[in-house]
Every structure is written in C-alpha cells, then in structure tokens.
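Everything below concerns the one structure shown next.
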Amino acid sequence: MDFISVLFKRDKERPEIEVQQKPDYVYGLITDKKGGFWLEGAEKPNLLLKTRGNYKHSTHRGLPTFLTLHYTAGRGKAIDTLIRAQANGYAFLMIDKPTGKLFQAHPLNRWGSHSGKSEYLYEGKKLKWLSNRSLGIEVGCAGRLSGVYDNGKMRYLDTPDRVEKYTGEVYPWYAFNPTTKLLLGNAKPIPKSRTRKIIFPEFNRQPGFYEKFTAAQEKTLEDFILWYASIKPDFDPLLHLLSHDIISPDRKSDVGGSLSLPLDEYRIKIANKIKEQRGF
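Here is the structure:
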C-alpha cells in the first residue's frame with residue numbers, strides 16, 4: 024500500500040490502495056514552501072506555535088512515530104488554549120470543545136513541546152522526553168474535577184473511597200480561588216450528565232470524576248487518528264497511540280476518564296477500524 028505517493032497533493036484525491044474498499048478521508052494534506060505539512064480540513068488560527076525541529080527517528084516523511092492524547096484542563100475554547108500555548112512555547116493540535124473542530128497552528132512534521140518529563144518502553148528501550156517523537160493532541164475539556172466541602176473549600180476526589188462516597192456537585196479547578204481554595208461565588212458545577220465517575224483504577228484511568236469529551240470531539244479525534252494511519256502505514260495504535268497519563272503517570276491524569284474508554288480498550292477499537300481501512 025502506497026499512501027505516500029499522494030501525500031503532497033493539495034487536492035483531496037484518494038490514494039490508490041490494493042483493496043476494494045477505499046477509506047473515507049476527512050482531511051487532505053498541504054505542503055508549504057518550507058516543506059511543512061498542513062491539514063486541509065483543519066481550522067488555521069492567525070498564530071504560529073513554536074517548533075523545535077524535525078521529529079526524532081521518523082520512519083515516514085518526517086512524521087512522528089507516536090500520537091499523544093491530552094486534555095487541556097480548561098474551559099475548552101481552542102483559540103484561548105492556543106494563545107496560551109504560543110506564549111509558553113508549546114505546540115500541539117487542538118480539538119475545540121464548543122464546535123468539535125480540529126485546529127492546527129504548527130506543521131505536522133515539526134515537533135513542539137507538549138509532554139514534558141515523560142517516558143515510554145518501546146522496542147525494549149526506555150524512551151524519555153517524548154515530545155520530539157510524538158504529536159500532541161489536546162482536547163478542550165475541564166478534565167479531572169473536584170468536589171466541595173460544606174465550608175466551600177476544594178475537596179480532592181482522588182481515591183476509590185472518596186469517589187464512591189461523594190454525592191455532591193463537581194467543579195473544575197478554575198472554579199476555586201487559587202490561593203484560598205474556596206469556591207468562587209460565580210462558580211458553576213459541571214452537569215452530572217457531562218461527567219464520568221471512575222471509582223477504581225482502569226489501565227490509564229485514575230479514580231476521580233472527569234468531564235467527558237463531547238461526541239463531536241470524540242468523532243474528530245477518531246477521524247484524525249484513522250486519517251493519520253492512512254498516510255503512515257506503519258502506525259500501530261496498540262504501540263503508537265499514547266496518552267499523557269501513560270507516559271507521565273506520576274504527575275498527569277489526562278486523558279483519564281474524559282475519553283470514552285480506557286486507553287487499552289480505545290487502542291483496540293481504533294486498531295480494528297484501521298484493519299478494516301487497510302483491507303485486512
């Protein structure tokens with residue numbers, strides 16, 4: 024299968040592959056004058072995120088080996104997140120919460136900081152600082168949530184016992200005063216219909232209440248991963264699809280329970296769809 028032969032075409036031609044059923048492509052690919060790859064179907068904000076060079080040990084056209092999933096732990100608007108990323112020297116793709124659309128503000132084949140201190144055992148080697156090998160995908164979402172005591176102070180919900188017994192409202196971190204940890208007067212809870220309760224650890228998921236990704240965000244994420252697998256034939260989600268809580272488990276909880284499935288089950292779901300896409 025040769026997806027690479029049409030990688031640089033601006034139009035949306037589908038690549039010829041040795042199967043009867045052709046994949047349904049959502050995004051085309053554009054190459055800029057400097058050789059940077061841009062997704063034709065993505066939103067392009069009027070800003071550029073800082074990149075730091077070519078991906079390390081790329082196997083196809085400078086594309087990264089891994090995709091790393093994150094949530095923003097914020098209000099979810101793509102443009103606000105990207106403005107902060109620009110100010111702090113980060114680079115990643117962003118899936119907007121209000122619309123579910125994919126935003127791109129740096130070339131797909133240039134790496135930028137997004138994972139920080141991280142490590143992953145791959146092909147018998149412990150890889151460290153994964154940003155230069157992986158493309159970060161941030162999903163706009165409040166992420167792991169907190170409860171509140173009767174006195175209005177933040178209540179951490181991070182153990183099975185605390186999660187199982189808690190019946191009150193849950194809030195994002197920005198609903199509390201950063202100094203006193205008291206609930207702000209105008210704070211609004213995350214509706215229970217928008218939360219997912221994880222009592223016991225499940226693969227990458229740690230106990231807690233999480234804001235769910237929206238259906239539109241989940242679809243955009245899946246569409247992008249399937250598209251990426253179509254242009255990078257050696258992409259294997261069972262090995263190459265990561266999340267921040269997999270590569271930095273001691274300090275990060277994303278994507279946790281915000282994603283619809285634990286990452287091991289999500290990988291299998293995506294792998295089965297890729298098999299169908301590739302005609303296996």
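Take the working numbering: the last position of the sequence shown gets the number 303, and nothing is skipped along the way.
In this text, a Cβ means the ideal position worked out from N, Cα and C, and glycines have one as well.
Quantities reported herein were computed from a predicted structural model and do not represent experimental measurements.
Can you tell me where the alpha helix (DSSP H) with SER250 in it begins and where it stops? Position check: residue 250 holds Trp in this sequence, whereas Ser was assumed. 238 to 254 is the extent of the alpha helix (DSSP H) around TRP250.
Reduced DSSP secondary structure (H/G/I, E/B, other) of TYR172: coil
Selected residue, minimal CA-CA separation from GLY163, among ALA239, GLY175, GLU63, LYS120: LYS120
Euclidean distance between Cα positions of LEU207 and GLY280: 25 Å
Per DSSP, which one or two residues make a beta bridge with TRP152? Bridge partners of TRP152: none, in fact.
DSSP state of ARG107 mapped onto helix, strand, coil: helix
Exposure of ASP273, with buried meaning 16 or more beta-carbon neighbours within 10 Å: exposed
With DSSP run on the structure shown, which of helix, strand or coil describes TYR289? helix
Mind reading off the beta-carbon distance from ILE118 to ILE53? Whole number of angstroms is fine, and I expect it under 8 Å. About 20 Å separates the two Cβ atoms, so there is no contact after all.
Going by C-alpha distance, which of GLY59, PHE89, GLY170 is nearest ARG185? GLY170
So, is ILE291 buried or exposed, given that buried needs 16 or more other C-beta atoms within 10 angstroms? exposed
Contact between the segment 91 to 100 and the segment 262 to 269 (3+ Cβ pairs under 8 Å): yes
For GLY191, count neighbouring C-beta atoms within 10 Å of its own C-beta (all shown protein chains included) and say buried if the count is 16 or more, exposed if not. exposed
If the criterion is Cβ atoms closer than 7 Å, does the pair HIS137 and SER154 meet it? yes
Have a look at LEU86 and GLY112 and give me their C-alpha separation to the nearest angstrom. 21 Å
Those residues which DSSP pairs with GLY231 across a bridge: ILE221
Assign VAL278 to one of three DSSP states: helix, strand, or coil. coil
Determine the contact status of PRO183 and ILE221, defining contact as a CB-CB distance below 7 Å. no
Own chain partners of LEU70 with C-beta closer than 8 Å, once the 5 adjacent residues on each side are dropped: LEU105, ILE106, GLN109, ALA128
Proximity winner among ASP259, ASN227, LYS298, relative to LEU282 (alpha-carbon distances): ASN227
Straight-line CA distance for TYR251 to TRP196? 33 Å
Provide the residue(s) that pair with HIS129 in DSSP beta bridges, ordered along the chain. The partner list for HIS129 (beta bridge, DSSP) is empty, contrary to what the question assumes.
Would a C-beta distance cut-off of 7 Å place LYS215 and LYS176 closer than the cut-off? no
What number of angstroms, rounded off, separates the C-alpha of PRO38 from the C-alpha of ILE254? Low per-residue confidence applies at PRO38: pLDDT is 38, beneath 50, and the placement is therefore not dependable, though the value from the model is reported in the following sentence. Taking the straight line from one Cα to the other gives about 9 Å.
Expressed to the nearest angstrom, what Euclidean distance is found between the alpha-carbon atoms of ARG75 and SER157? 13 Å
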